[in-house]
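Since the structure comes first, as structure tokens, the remarks are kept for the end.
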Amino acid sequence: MTVLDIITYPDTRLKQIANEVTDFNSKLQCFIQDLEETMAAGPGGVGIAATQVGVMQRIVIVDVSNYPRLKNAKHHGHLVLINPEILDWQGMKKGREGCMSVPDFTGNVIRAENIVLSALDEKGEKKEFEMEGFEARAVQHELDHLDGLLFLDRLVSRRNDLFKRKKQ
Ligand SMILES: [Zn+2]
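Numbering (my numbering), first residue to last: 835 to 1002.
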């Protein structure tokens, strides 16, 4: 397994639209393993999209189970989501987001509070999920990457909703 390089803003590859996955072959399984490693190596990442390592395929991994602020919220643990699609959404809420591809900033973005998501797993089997709160937010953030969007593109106000990260 390999930790892949994360591409960062303003690299134009982050603006590309990713392609549907059609082959669930061993190459895909290897890539998913590498993507897992890359997410685990990052600083507190709850999700990663293939776009962030320069692979233009509709693959994301989300795992909010280790997120400290989540406490008692419902979530689905570790998820590999391929060709994901949001079927339904409800409610809107502003919340703070960060991104491994935008390491120096966080920002406030409005997302749906509840979503119904359809996606294939790594074997190509179709799954459906009802998600809420932080998990729903994380999934919407990662799906945006597949369409060439960053949280920077969705800030309510660049002046009031963009925050420089404190140096560690
Ligand atoms: Zn991101």
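Ideal Cβ positions, reconstructed from N, Cα and C, are used throughout, including at glycine.
| Check | Outcome |
| --- | --- |
| Have a look at Gly958 and Arg993 and give me their C-alpha separation to the nearest angstrom. | 43 Å |
| Count the C-beta pairs between the segment 914-932 and the segment 942-955 that are closer than 8 Å, then say yes if the count reaches three, no if not. | yes |
| Determine which residues share a DSSP beta bridge with Phe985 and list them. | Beta-bridge pairing links Phe985 to no other residue. |
| Let me know the secondary structure DSSP gives Gly911 once reduced to three states. | coil |
| At the level of alpha carbons, what is the spacing between Glu871 and Gln891? | 17 Å |
| Taking the beta strand (DSSP E) that Lys961 belongs to, which residues open and close that run? | 960-966 |
| Whole beta strand (DSSP E) runs in the segment 866-933 with 3 or more residues, listed along the chain? | 881-883, 893-897, 912-931 |
| Assuming Glu976 contacts Ile866 under a Cβ cut-off of 8 Å, what Cβ separation, rounded to an integer in Å, is found between them? | No, Glu976 and Ile866 are not in contact; Cβ-Cβ is about 14 Å, not under 8 Å. |
| Can you tell me which of the three DSSP states Glu976 falls into? | helix |
| If you reduce the DSSP assignment to three classes, tell me which class Ser952 lands in. | strand |
| So, do the segment 985-999 and the segment 938-945 have three or more beta carbon pairs nearer to each other than 8 Å? | yes |
| For the structure I just gave you, are there three or more beta carbon pairs, one from the segment 969-989 and one from the segment 847-854, closer than 8 Å? | yes |
| Nearest-angstrom Cα distance between Leu915 and Asn859? | 16 Å |
| Cβ of Cys933 versus every heavy atom of ligand 1: is any distance shorter than 7 Å? | yes |
| Ordered along the chain, which non-local residues of its own chain (more than five positions away) have a Cβ less than 6 Å from that of Leu913? | Val896 |
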